[in-house]
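See structure below.
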Amino acid sequence: MPRGAHLTNVASGLCGSFARRNNDLYGYWAIGKLRSLAERNGQTTVLLDLLASSTQPSSSEFAPVLDHNRGLHAKLTDLSHVPLEEITSAHITLDFATPPWPRIIYHKPQWGDQFTVIVTINAEGRAAGIVNHAGYCRSYNPTRDSRAIRPAGC
2 MPRGAHLTNV ASGLCGSFAR RNNDLYGYWA IGKLRSLAER NGQTTVLLDL
52 LASSTQPSSS EFAPVLDHNR GLHAKLTDLS HVPLEEITSA HITLDFATPP
102 WPRIIYHKPQ WGDQFTVIVT INAEGRAAGI VNHAGYCRSY NPTRDSRAIR
152 PAGC
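In my numbering, the protein residues as written are 2 to 155.
Okay, here's the thing in structure tokens:
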């Protein structure tokens, strides 16, 4: 059975990768696109279920993001010596209605609004691996946002 610390390592790797600016969907930051998905559906959170390959609210647009993170999840569990079949749930939750952070006094409005990423990995009979990340993002806006130009496969 995997130790709780191993699950936290997996969650930390997923969270760190997911929150980075190179987490993109067709050249646009995936978190901004997910924020737009939440707003279109009148919600403040988005849940990515890596084991079921689904999003809540549901959208097939994010299949590449799910596929990438499922692959990363499999790689990280292998590197942490956690049998993938023992994982019972692997969720990435984005919350776009977080309470204001008192420690951020240098916020600039162009950064957008606050969000949190919470990655939770559960396995049979073990404490969950839970990691949080906080940041700022705006909703995706095709007239304002520019597409990242990177070679395919990066």
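Every residue gets a Cβ at the ideal spot worked out from N, C-alpha and C, and that includes glycine.
CA-CA distance, residue i and residue j?
i          : j           : result
residue 24 : residue 126 : 32 Å
residue 80 : residue 67  : 20 Å
residue 61 : residue 22  : 21 Å
residue 85 : residue 31  : 25 Å
residue 72 : residue 120 : 15 Å
residue 39 : residue 13  : 24 Å
residue 8  : residue 75  : 12 Å
Once you ignore the five residues that flank residue i on each side, which residues in its own chain have a CB closer than 8 Å to its CB?
i           : result
residue 70  : 15, 18, 19, 49, 51 and 93
residue 101 : 115
How about residue i and residue j: do their beta carbons lie closer than 7 Å?
i           : j           : result
residue 58  : residue 42  : yes
residue 91  : residue 45  : no
residue 95  : residue 132 : no
residue 47  : residue 122 : no
residue 139 : residue 28  : no
So which of the options has the shortest CA-CA distance to residue i?
i           : options             : result
residue 130 : 62, 63, 46 and 77   : 77
residue 53  : 79, 88, 138 and 119 : 88
residue 83  : 113, 68, 124 and 73 : 124
residue 113 : 9, 36 and 26        : 36
So, for residue i: in the same chain, excluding its five sequence neighbours on each side, which residues have a beta-carbon less than 7 Å away from its beta-carbon?
i           : result
residue 136 : 20 and 116
residue 26  : 34, 63, 65 and 66
Excluding five sequence neighbours on each side, which residues of the same chain lie with their C-beta closer than 6 Å to the C-beta of residue i?
i           : result
residue 56  : 49 and 63
residue 6   : none
residue 134 : 16, 20 and 118
Contiguous alpha helix (DSSP H) assignments of at least 4 residues, all confined to the segment 8–57: Segments of the alpha helix (DSSP H) lying fully in the segment 8–57: 31–41.
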